[in-house]
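Colleague: Okay, here's the structure, questions in a sec.
Residue numbers (full-length UniProt numbering): 1 to 468.
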């Protein structure tokens, strides 16, 4: 019964996360409750002999041994349970520390108005050229600072460049597609690719080598269709900045430290994969080093001409830390620990998620179709638990690092979410900032995102089948 209780808890929590908007409930709440209650139920079941567990190395620990209350079997089972819990917490903490570091660096750059520098590179009145410029920026930036942050930065810029909201909505919607495509080929471009990278399912080189072309196709195809056949991107657009200063933002919008902090922040984030390759240490240690360097520079740099000690707090890392979304961090904590709970419960001699993978394999022998469907699911429900579940379903013993399976999961989960406005963090952010209507996006943009997703998936299969 406790096995079904754990599964029911996960399903109910998942439903609450999916319907967070109708329920008017922050998804962090059900995620935290789900993670804690699932593990509490497992502990009760295991210590009462009703549940068996499996650790990360697929060692089976029988709950019946806990009823002995003495002897080597009892001690081994108890240590196995606690070691398994700490193992999953450690893997989750690696991801959370990495994300906290990256978010803090981005916020420090933003405090110094570093992203305002990007407006200087946008110097066209053509609607189609503007779309390609912001699209390319979104594709590149999302690979460096993640797709969510890139979307927020570019939506903020578009508000200054495209004053008409109805026109701007089209640009913002296409930015979501570009940002998700750009985040899929970078280990730091999306939470899901970061999870796969830290979990040693993909390497930096392998991810970039086999996903850069499919991701480009996923980005380019919708943009070509939009600029050649949609009226929204025909003609010219007038922007206040361009009329007054030929594309260069007003000087008061910049600080003396803007350019330095922009390039330092982006450079230190890009340095993290290099650090991992050189030192063979986990990525979160590289992010700690990068954050330390950016924080150090921010302590001594002078953003203004007459910079005083009283103004220092305005640009400090302490303020940046107060601006990061801790609710998102706690959501990842809850959801990843809940998925870890399902990975831990033993059904037969394997974990529940591994058993589910075997059932899927029997039902749908073609694995590519399973992952393709995962891309559609990521548009409906959050891609973080989907990827976390897939990592539990398919073990490293059967699918080594940089296996085709992991690359396709990274692509599908990263880009499939573009098909619905609520299907990705970038889409949700754009929806909140511009009040984009769900039905409008479904009618106008969803088919474009699907065409790009399908085209990129087809290219991926060709590359992996014939060129790998």
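Where is the CB? At the ideal position from N, CA and C, for every residue including glycine. These numbers were taken from a predicted model, which means no experiment stands behind them.
Does the region 69 to 86 come close enough to the region 286 to 295 that 3 or more CB-CB pairs lie under 8 Å?
Modeller: no
Colleague: Applying the 10 Å Cβ sphere with the 16-neighbour rule, what's the burial state of residue 317?
Modeller: Along the chain shown, one-based indexing puts residue 317 at 317. Buried, by the Cβ-count rule.
Colleague: Look at residue 148 and residue 448 and say whether their C-beta atoms are less than 9 Å apart.
Modeller: By one-based count along the chain shown, residue 148 stands at place 148. By one-based count along the chain shown, residue 448 stands at place 448. No; because the gap between Cβ atoms is not below 9 Å, this pair is not in contact.
Colleague: Helix, strand or coil for residue 65? Go by DSSP, reduced to three states.
Modeller: Mapped onto the chain shown, residue 65 falls at position 65. Secondary structure at residue 65: helix, using DSSP grouped into helix, strand and coil.
Colleague: Could you give the distance in angstroms between the alpha-carbon of residue 170 and the alpha-carbon of residue 346?
Modeller: Within the chain shown, the letter at position 170 stands for residue 170. Within the chain shown, the letter at position 346 stands for residue 346. Roughly 48 Å between the two C-alpha positions.
Colleague: Check the C-beta distance from residue 374 over to residue 360 and give it rounded, since I have them as a contact under 8 Å.
Modeller: Position 374 of the chain shown, counting from 1, holds the residue named residue 374. Position 360 of the chain shown, counting from 1, holds the residue named residue 360. Rounded, the Cβ-Cβ distance is 10 Å, inconsistent with contact.
Colleague: Which value, in whole angstroms, describes the spacing of the CA atoms of residue 134 and residue 159?
Modeller: As a position in the chain shown, residue 134 is number 134, starting the count at 1. As a position in the chain shown, residue 159 is number 159, starting the count at 1. In a straight line, the C-alpha of residue 134 is about 12 Å away from that of residue 159.
Colleague: Would DSSP call residue 347 helix, strand or coil?
Modeller: The residue you call residue 347 lines up with position 347 of the chain shown. Three-state DSSP puts residue 347 in a strand.
Colleague: By a C-beta neighbour count over all protein chains shown, 10 Å radius and 16 as the cutoff for buried, is residue 364 buried or exposed?
Modeller: By 1-based counting over the chain shown, the position of residue 364 is 364. Residue 364 comes out exposed.
Colleague: Select from 125, 217, 157, 161 the residue whose C-alpha is nearest the C-alpha of residue 178.
Modeller: One-based indexing of the chain shown puts residue 178 at position 178. Residue 178 has its Cα closest to that of 217, out of 125, 217, 157, 161.
Colleague: Please confirm if the region 112 to 127 is in contact with the region 253 to 266, defined as three or more CB-CB distances below 8 Å between the two stretches.
Modeller: yes
Colleague: For residue 516, which residues from the same chain have a beta carbon less than 6 Å from its beta carbon, with the 5 sequence-adjacent residues on both sides left out?
Modeller: The structure shown does not extend to residue 516, since the chain spans only 1 to 468, so no value can be given for it.
Colleague: Considering Cα atoms alone, identify which of 416, 390, 268, 357 is closest to residue 455.
Modeller: Counting from one through the chain shown, the residue named residue 455 turns up at place 455. For the residues 416, 390, 268, 357, the minimum Cα distance to residue 455 belongs to 416.
Colleague: Can you check which of these residues, 3, 38, 11, is closest to residue 341 by C-alpha distance?
Modeller: The count along the chain shown starts at 1 and reaches residue 341 at position 341. It is 38 whose Cα lies nearest to the Cα of residue 341.
Colleague: Can you tell me whether residue 471 is helix, strand or coil according to DSSP?
Modeller: As displayed, the chain neither begins before 1 nor continues past 468, which places residue 471 out of reach and without an answer.
Colleague: Is there contact here, the region 455 to 465 with the region 207 to 215, by at least three beta-carbon pairs under 8 Å?
Modeller: yes
Colleague: Is the beta carbon of residue 66 closer than 9 Å to that of residue 78?
Modeller: In the chain shown, the residue the question calls residue 78 occupies position 78. In the chain shown, the residue the question calls residue 66 occupies position 66. For residue 78 and residue 66, yes; Cβs fall inside 9 Å.
Colleague: List the whole-angstrom C-beta distance separating residue 460 from residue 411, where the pair is believed to meet the contact cut-off of C-beta under 8 Å.
Modeller: Locating residue 460 in the chain shown gives position 460, counting from the first residue. Locating residue 411 in the chain shown gives position 411, counting from the first residue. Sure, about 6 Å apart at Cβ, within 8 Å.
Colleague: Please state whether DSSP places residue 241 in a helix, a strand or coil.
Modeller: In the chain shown, residue 241 corresponds to position 241, counting from 1. The predicted model places residue 241 with a pLDDT of 47, which falls under 50 and marks its position as unreliable; any figure quoted below should be read in that light. The answer is helix: DSSP assigns residue 241 an H, G or I state.
Colleague: Quick check: what's the CA-CA separation for residue 61 versus residue 207?
Modeller: Numbered from 1 along the chain shown, position 61 holds the residue referred to as residue 61. Numbered from 1 along the chain shown, position 207 holds the residue referred to as residue 207. Roughly 35 Å separates the two Cα atoms.
Colleague: Can you tell me which of the three DSSP states residue 457 falls into?
Modeller: Numbered from 1 along the chain shown, position 457 holds the residue referred to as residue 457. Residue 457 falls in the helix class under three-state DSSP.
Colleague: Helix, strand or coil: which one does DSSP assign to residue 462?
Modeller: Reading the chain shown from its first residue, position 462 is the one you call residue 462. Helix.
Colleague: Which residue from 436, 397, 425, 296 puts its Cα closest to that of residue 354?
Modeller: Within the chain shown, numbered from 1, the residue matching residue 354 stands at position 354. Nearest C-alpha to residue 354: 397.
Colleague: In angstroms, rounded to a whole number, what distance separates the CA positions of residue 349 and residue 81?
Modeller: As a working note, residue 349 is residue 349 in the chain shown. As a working note, residue 81 is residue 81 in the chain shown. Straight-line measurement puts the Cα of residue 81 at about 16 Å from the Cα of residue 349.
Colleague: As a quick exercise: from 172, 184, 311, 297, pick the residue whose alpha carbon is nearest that of residue 146.
Modeller: Numbered from its first residue, the chain shown carries residue 146 at position 146. Per the Cα distances, 184.
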